[in-house]
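Numbering (my numbering), first residue to last: 293 to 481.
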């Protein structure tokens, strides 16, 4: 489907003008572009607060290029339905992995002899048969398998997160889910 793309940078008046014009063109869905390009997070959220209410609720609302767990949850709360982003694989290429406790740097010394899998709470994770120390070793030796395992883990983590989000929305407890998730999840390495 062809989506119109709302633009306007960090200028609320331009976002409003663009959102009204794009929404009025009858596309099957509406996209929001030009955010998450270096502006402060609060500014991105402010622009979503200005833009999303002007877009038809009956059509998918797609936020382009946004993909951190925090940004996904904040955007969903504001009415965004769809996302795409290279974030999960980009941070993996830099040695980072996600689990329910947050984002971690696998090359840190603390993982040198760590026999746990990347996400010890999820035995269905496709990387669960590999220890953190082994994956750390792969990265330190510049073995491509290490990057692939971190990418696979991060993509799996985000897919599971979105499944939990859908369930929480279905049961009308998204805000509670979000608060509980963020109370535990730390995005600093």
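Glycine residues also receive a C-beta, built at the ideal position from the N, C-alpha and C atoms.
{"Query": "How far does the beta strand (DSSP E) with residue 323 in it extend, from its first residue to its last?", "Result": "321 to 324"}
{"Query": "Are residue 342 and residue 304 closer than 8 Å when you measure CB to CB?", "Result": "yes"}
{"Query": "When we look at the beta-carbon of residue 361 and count the other beta-carbons within 10 Å, is it buried (16 or more) or exposed?", "Result": "buried"}
{"Query": "Grab me the residues of residue 320's own chain with a C-beta within less than 6 Å of its C-beta, minus the 5 sequence neighbours each way, in chain order.", "Result": "293"}
{"Query": "Out of 381, 386, 357 and 352, state which residue places its alpha-carbon closest to the alpha-carbon of residue 372.", "Result": "352"}
{"Query": "According to DSSP, residue 297 sits in a beta bridge with which residue or residues?", "Result": "323"}
{"Query": "For residue 391, which residues does DSSP report across the bridge?", "Result": "394"}
{"Query": "I need the DSSP call for residue 375, collapsed to helix, strand or coil.", "Result": "strand"}
{"Query": "According to DSSP, is residue 356 helix, strand or coil?", "Result": "strand"}
{"Query": "Residue 478 by DSSP, collapsed to three states: which one?", "Result": "strand"}
{"Query": "Mind checking which residues open and close the alpha helix (DSSP H) that includes residue 253?", "Result": "Here the chain covers residues 293 to 481 and nothing more, so residue 253 does not appear."}
{"Query": "For residue 374, which residues from the same chain have a beta carbon less than 6 Å from its beta carbon, with the 5 sequence-adjacent residues on both sides left out?", "Result": "352 and 354"}
{"Query": "Could you please give the first and the last residue of the uninterrupted alpha helix (DSSP H) stretch that includes residue 361?", "Result": "361 to 369"}
{"Query": "Using DSSP with H/G/I as helix, E/B as strand and the rest coil, what is residue 429?", "Result": "helix"}
{"Query": "Is residue 317 helix, strand or coil when you go by DSSP?", "Result": "coil"}
{"Query": "Starting from the Cα of residue 428, find the closest Cα among 417, 418 and 440 and give me that residue.", "Result": "440"}
{"Query": "Among the candidates 334, 308 and 357, whose CA atom is the shortest distance from the CA of residue 344?", "Result": "308"}
{"Query": "Apart from the five residues just before and just after residue 466, which ones in its own chain have a Cβ nearer than 8 Å to its Cβ?", "Result": "368, 369, 457 and 460"}
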